[in-house]
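Below is one structure; the comments refer to it alone.
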Amino acid sequence: MSLAELICPAGTPAALRTAVDAGADAVYCGFQDATNARNFPGLNFTPEELAAAVAYAHARGTKVLLALNTYPPAGKVDLWRQAADIGARLGVDAFIVADMGVADYIARTHPQVRLHLSVQAAASSPEAIRYYCENFGVKRVVLPRILTIPEIRQIRTEIPCEIETFIFGNHGLMVEGRCSLTNYLTGQSTNMDGVCSPASDVEYRREADGSMSSQLAGFTIDCFGPEEKAGYPTICKGRYRTDHREDAYYAFEEPISLNLSRLLPELIDAGVHAFKIEGRQRSKSYVRGVVSAFRKAVDDIRAGRQADIADLVALTEGQKQTQGAFETKKWR
Amino acid sequence: MISVTEQASRTRLPGEGAVARLACAVVQPLLSRVVRRIAASHPSVFARLGAHQSTDFLIDPVELPFALHLRPDPRALVLRAVPRDRMPEAGAVIRGKFLLLLELIDSEEDGDAAFFSRDLEVSGDTEAVVRLRNALDDMDGSIAEETAAMFGRPGRAILARLRKSYAEART
Amino acid sequence: MAVDKMTKLTLGPLAYHWSSDRRRDFYARIADEAPLDEVYLGEVICSKRAPFQEADLPAIIERLERAGKTVILSSLAEVMLKRERKATADLAELDTPEIEINNAAGLFDRSSRPHRIGPFMNAYNEATIGWMAGKGATHVTLPTELPGEAMAIAASAARGLGLGVEVQVFGRASLAVSARCYHARAHGRTKDNCLFVCEDDADGMPLCTTDDRPILRVNGIQTQSETYINLLPETGRLIADGLTHLRLMPQSVDMVEVASVFRSVLDGARDPLEAETALREACGEVRFSNGFYHGQAGYRRIANVVPV
Chain W
1 MSLAELICPA
11 GTPAALRTAV
21 DAGADAVYCG
31 FQDATNARNF
41 PGLNFTPEEL
51 AAAVAYAHAR
61 GTKVLLALNT
71 YPPAGKVDLW
81 RQAADIGARL
91 GVDAFIVADM
101 GVADYIARTH
111 PQVRLHLSVQ
121 AAASSPEAIR
131 YYCENFGVKR
141 VVLPRILTIP
151 EIRQIRTEIP
161 CEIETFIFGN
171 HGLMVEGRCS
181 LTNYLTGQST
191 NMDGVCSPAS
201 DVEYRREADG
211 SMSSQLAGFT
221 IDCFGPEEKA
231 GYPTICKGRY
241 RTDHREDAYY
251 AFEEPISLNL
261 SRLLPELIDA
271 GVHAFKIEGR
281 QRSKSYVRGV
291 VSAFRKAVDD
301 IRAGRQADIA
311 DLVALTEGQK
321 QTQGAFETKK
331 WR
Chain C
1 MISVTEQASR
11 TRLPGEGAVA
21 RLACAVVQPL
31 LSRVVRRIAA
41 SHPSVFARLG
51 AHQSTDFLID
61 PVELPFALHL
71 RPDPRALVLR
81 AVPRDRMPEA
91 GAVIRGKFLL
101 LLELIDSEED
111 GDAAFFSRDL
121 EVSGDTEAVV
131 RLRNALDDMD
141 GSIAEETAAM
151 FGRPGRAILA
161 RLRKSYAEAR
171 T
Chain A
1 MAVDKMTKLT
11 LGPLAYHWSS
21 DRRRDFYARI
31 ADEAPLDEVY
41 LGEVICSKRA
51 PFQEADLPAI
61 IERLERAGKT
71 VILSSLAEVM
81 LKRERKATAD
91 LAELDTPEIE
101 INNAAGLFDR
111 SSRPHRIGPF
121 MNAYNEATIG
131 WMAGKGATHV
141 TLPTELPGEA
151 MAIAASAARG
161 LGLGVEVQVF
171 GRASLAVSAR
181 CYHARAHGRT
191 KDNCLFVCED
201 DADGMPLCTT
211 DDRPILRVNG
221 IQTQSETYIN
231 LLPETGRLIA
241 DGLTHLRLMP
251 QSVDMVEVAS
261 VFRSVLDGAR
271 DPLEAETALR
281 EACGEVRFSN
291 GFYHGQAGYR
301 RIANVVPV
């Protein structure tokens with residue numbers, strides 16, 4: 001059986017300590033700049049905070065993974081290199097990378113630190129994964145959320161590295177690392193700036209009838225009725241009109257979160273090495289709730305007990321959950 | 001603009017008129033003490049706020065007779081109770097039940113989840129709200145507990161009773 | 001602008017699922033009439049469509065080459081299924097140096113033999129371009145969302161390594177790809193039983209916001225911009241910054257005319273302002289954008305004083 005490590009989000013030092021205390025095997029985090037894909041206002045770590053966080057985590061046997069998973073635009077590569085240098089100096093256990101230039105730099109400069117391939121690299125075939133393993137010594141791949149469990153099982157037999165899959169949180173619809181939707185409306189790029197529907201461009205409007213519309217850079221993304229559950233103002237979870245449909249519809253996906261709690265035994269059996277919980281932008285309360293629930297579930301499974309999974313639907317987007325592509329090809 | 005007829009038929013929120021002003025006067029010294037204490041014990045909060053240290057936040061607990069005006073500027077910290085008919089222009093407004101707001105501040109509830117369920121409403125500058133949320137979330141300990149502790153055993157008893165009634169109301 | 005015979009004008013791979021007849025006629029006219037130097041062919045978006053394309057491919061290649069155009073074969077942007085892996089591996093086996101790779105699976109299959117790097121490969125910076133050049137890349141197409149400043153630095157690095165360097169200057173921008181087919185979804189179907197409904201929308205399926213503002217286009221698993229990128233006013237700047245190839249993406253407009261307009265500006269035969277009017281006429285109502293190039297929201301059109 002694989003180890004089924006729990007990889008948990010840490011948007012702030014307090015969230016990191018919460019995740020460690022709730023039983024994370026590893027936490028992932030980023031600096032307060034464009035070098036990671038959750039470059040959100042008020043989030044993330046200064047180098048001093050990361051140093052303290054590494055000490056806290058290591059003292060409790062938890063690993064710290066540093067996300068350097070954005071794509072530096074030409075002329076700004078140094079910011080990513082410096083971030084890697086700082087991370088290596090502070091003793092992080094692995095870098096999570098997407099850009100080949102960044103991967104190459106770390107492989108040459110800090111060969112002692114593990115490299116994980118971010119979901120932002122969108123490696124969804126054995127060949128693509130092997131490219132990164134053979135060229136940069138990648139030790140683990142974070143798979144895109146588009147594969148069925150039989151497909152993951154097949155990939156496992158053809159690659160020389162560990163597999164990490166998302167099990168809870170944001171249900172990414174687009175191939176990560178290939179999405180310019182946010183940049184198209186706001187001028188800030190997911191790949192280069194690490195933002196997705198930046199708060200600075202989001203506005204919520206309360207209508208007279210109690211409904212609420214969400215706007216991104218002046219474009220209406222969705223409008224929720226007075227009693228309707230809401231979601232993030234992301235373009236891929238918006239409601240649109242098209243010619244042949246009478247009503248506006250969720251053209252890509254409705255507000256919904258991924259929750260694979262019931263598939264954990266199958267994922268472990270398929271050879272998944274580590275389970276990732278999404279949500280660096282979420283609160284300590286979310287981290288505490290989700291990490292403890294999955295800690296208990298994984299411990300139960302490893303002890304051969306039936307896992308009794310806490311209900312997490314209250315924490316999900318739109319208060320709805322899905323097993324997405326992992327369950328069936330029909331999702332596509 | 002709200003028309004006269006709409007205004008007449010609108011459910012009247014608590015917090016307009018003399019009683020509300022009196023309530024504000026009573027709680028104000030308390031708020032000043034709380035905010036000074038928190039600022040002194042959690043200085044890192046201000047760094048996460050960045051440029052939004054000078055933003056005016058209106059925190060609006062819908063069932064209380066007043067709202068709170070917060071300007072988290074470390075050099076001139078403002079936290080004051082304001083009656084609803086005298087609410088200042090705010091950069092950002094956060095609206096919800098009082099104990100939900102308290103639980104959000106203490107990270108007992110998740111802000112995004114409260115937003116998804118529509119129990120929490122935000123308007124105005126969304127980035128300011130996100131920064132404030134993340135800054136508060138990085139604080140260890142409970143502001144509610146700290147505040148209650150400032151008032152000894154009676155403070156703690158009031159907090160416990162508030163929590164109990166809120167929990168009952170939600171089930 | 002000075003006469004520029006060095007810069008090559010290219011036609012990117014057709015993103016849409018046009019009928020066989022339409023595609024054949026389109027490339028016949030492109031071969032005979034369009035002042036283009038290079039043409040990219042092959043299904044990049046959806047592997048289910050590939051068999052339709054492949055049937056006509058030899059005839060189209062022959063026709064284009066007979067007309068003196070260089071043909072480059074492009075690989076799939078998304079590689080997950082067995083058939084997608086095989087298609088990518090087969091393309092990588094070809095003897096010609098003129099293949100464009102759009103997925104890391106293709107880089108693996110191609111090993112160090114010469115190839116071009118497609119716009120889906122995320123060659124955002126000089127370090128990545130340098131890495132790719134060391135692995136056999138001879139040419140790189142920069143990401144469409146890269147701002148002009150970064151483009152100049154990337155282009156200069158690529159040129160220094162002897163690479164050709166290209167960017168899209170016309171047509172809808174690819175904004176996202178997914179494993180899910182949004183054309184099928186719009187018609188209540190899944191990708192496996194899509195019945196190729198994407199053939200109905202030759203220029204993508206329009207999406208509007210609930211308050212009726214046009215915003216995006218759906219093309220199978222791909223999401224595109226509502227606006228056409230138009231960097232006609234920026235061509236002088238692009239060439240000065242070292243871009244060697246300018247890419248036009250096939251849209252449902254007179255692409256021969258579009259190519260002629262860009263060619264006339266490169267040749268110095270027409271001033272950009274006059275050319276812009278001609279391009280506007282060729283494209284009808286569609287909105288133009290150049291926001292990405294100027295580091296602003298991609299859909300925006302930034303007014304530009306053209307240095308002549």
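Chains as they are written, first to last, in UniProt numbering: chain W, 1 to 332; chain C, 1 to 171; chain A, 1 to 308.
Note that CB positions come from ideal geometry on N, CA and C, so glycine has one too.
So the candidates are the options; which of them puts its Cα closest to the Cα of residue i?
i             : options                                : result
Met121/A      : Arg172/A, Asp95/A, Val177/A, Thr96/A   : Val177/A
Arg38/W       : Asp193/W, Asn183/W, Met174/W           : Asp193/W
Glu261/W      : Glu227/W, Thr165/W, Glu228/W           : The sequence shown places Ser at residue 261/W, not Glu. Minimum Cα distance to Ser261/W is reached at Thr165/W.
Pro65/C       : Val26/C, Arg75/C, Ser165/C, Ala128/C   : Val26/C
Val129/C      : Ala199/W, Arg81/W, Thr242/W            : Ala199/W
residue 341/W : Cys161/W, Ile146/W, Pro226/W           : Shown here, chain W extends from 1 to 332; a query on residue 341/W therefore has no answer.
residue 334/W : Pro226/W, Gly218/W, Leu16/W, Gly318/W  : Nothing can be reported for residue 334/W, as the shown portion of chain W is limited to 1 through 332.
Leu11/A       : Leu64/A, Lys86/A, Glu93/A, Lys48/A     : Leu64/A
Glu226/A      : Ala297/W, Phe224/W, Thr242/W           : Thr242/W
Val256/A      : Met80/A, Leu94/A, Asp37/A, Ala105/A    : Asp37/A
Glu232/W      : Pro255/W, Asp247/W, Asp269/W, Ala248/W : According to the sequence as given, residue 232/W is Tyr; it is not Glu. Nearest C-alpha to Tyr232/W: Pro255/W.
For residue i, return the contacting residues in chain C, with the cut-off set at a CB-CB distance below 8 angstroms.
i        : result
Tyr204/W : Glu121, Val122, Ser123, Thr126
Using a Cβ-Cβ cut-off of 8 angstroms (strictly less than) and excluding sequence neighbours within five positions of residue i, which residues of its own chain qualify?
i             : result
Met1/C        : Because the pLDDT of Met1/C is 31, which lies under 50, any placement of that residue in the model is unreliable, and the question is left without a value.
Glu234/A      : Gly148, Val169, Asn290, Tyr293, Asn304
residue 333/W : There is no way to answer for residue 333/W, as the model of chain W reaches only from 1 to 332.
Leu65/W       : Ile7, Ala26, Val27, Tyr28, Cys29, Val92, Asp93, Ala94, Phe95, Ile96, His116
For residue i, which residues in the same chain have their Cβ closer than 6 angstroms to its Cβ, ignoring the five residues on either side in sequence?
i        : result
Cys179/W : Thr190
Ile99/A  : Leu73, Leu91, His115
Ile235/W : Leu181
Pro13/W  : Glu49, Ala53
Ala23/C  : Pro65, Phe66
Cys283/A : Val253
Arg60/W  : Val20
Ile221/W : Ser214, Pro233, Gly238
Give the interface partners of residue i over in chain A, defined as CB-CB distance under 7 angstroms, in chain order.
i        : result
Phe219/W : Thr209, Arg213, Ile215
Asp243/W : Pro206
Cys223/W : Thr210
Leu173/W : Ser178, Arg180
Is the shortest distance between the beta-carbon of residue i and the beta-carbons of chain B less than 8 angstroms?
i        : result
Leu181/W : The structure shown contains no chain B; its protein chains are W, C and A.
Within its chain, find whatever has a CB closer than 7 angstroms to the CB of residue i; leave out the 5 residues flanking it on each side and keep chain order.
i        : result
Asp32/A  : Ala67
Asp33/W  : Asn39, Leu79
Val175/W : Ala122, Pro144
Gly42/W  : none
Thr88/A  : Ser75, Leu76, Val79, Asn103, Ala105, Gly106, Asp109
Using a cut-off of 9 angstroms between C-beta atoms, extract the partners of residue i located in chain W.
i             : result
Glu109/C      : Ser283, Ser285
residue 187/C : The displayed coordinates of chain C run from 1 to 171. Any statement about residue 187/C would go beyond what the structure contains.
Trp18/A       : None at all; the shortest Cβ gap to chain W is about 19 angstroms.
So which residues on chain C does residue i lean against when the C-beta distance must stay under 7 angstroms?
i        : result
Phe40/W  : Val130
Ser200/W : Glu127
Anything in chain W within Cβ reach of residue i, meaning under 8 angstroms, just list it in chain order.
i        : result
Gly50/C  : Pro41, Gly42
Tyr299/A : Tyr184, Leu185
At a CB-CB cut-off below 9 angstroms, which residues of chain C make contact with residue i?
i      : result
Pro9/W : Here the premise fails: no neighbours, minimum Cβ distance about 12 angstroms.
Given that residue i touches chain A, what residues does it touch there, using C-beta distances under 8 angstroms?
i        : result
Met212/W : Those do not exist, as Met212/W stays about 13 angstroms from chain A at its closest Cβ, beyond 8 angstroms.
TODO: Mind listing, in chain order, the continuous alpha helix (DSSP H) runs of no fewer than 4 residues lying wholly within the segment 252-305 of chain A?
DONE: 255-266, 272-283
Open item on the list: Whether or not the segment 25-37 of chain C and the segment 79-88 of chain C are in contact is what I'm after, with contact meaning three or more pairs of Cβ atoms, one per stretch, closer than 8 angstroms; do they touch?
Closed with: yes
- [ ] May I ask you to verify whether the segment 98-107 of chain W touches the segment 118-137 of chain A, counting CB pairs closer than 8 angstroms and requiring at least 3?
- [x] yes
Open item on the list: Could you check whether the segment 250-261 of chain A touches the segment 156-174 of chain A, counting it as contact only if at least three pairs of C-beta atoms, one from each stretch, sit closer than 8 angstroms?
Closed with: yes
TODO: List in chain order: all unbroken beta strand (DSSP E) runs of 3+ residues lying wholly within the segment 65-145 of chain W.
DONE: 94-97, 114-117, 140-142
- [ ] With a floor of 4 residues, list each alpha helix (DSSP H) that falls wholly inside the segment 218-255 of chain A, ordered by position along the chain.
- [x] 235-240
Open item on the list: Closer than 8 angstroms is the cut-off here; do at least three beta carbon pairs connect the segment 137-149 of chain C with the segment 41-50 of chain C?
Closed with: yes
TODO: Report yes or no: do three or more beta-carbon pairs, one from the segment 270-288 of chain W and one from the segment 18-25 of chain W, lie closer than 8 angstroms?
DONE: yes
Open item on the list: With three or more C-beta pairs closer than 8 angstroms as the rule, is the segment 201-212 of chain A touching the segment 151-165 of chain A?
Closed with: no
- [ ] Indicate whether the contact test is met: 3 or more Cβ pairs, each with one atom in the segment 178-195 of chain A and one in the segment 240-249 of chain A, closer than 8 angstroms.
- [x] no
Open item on the list: Under 8 angstroms: do the segment 87-95 of chain C and the segment 208-216 of chain W share three or more Cβ pairs, one atom per stretch?
Closed with: no
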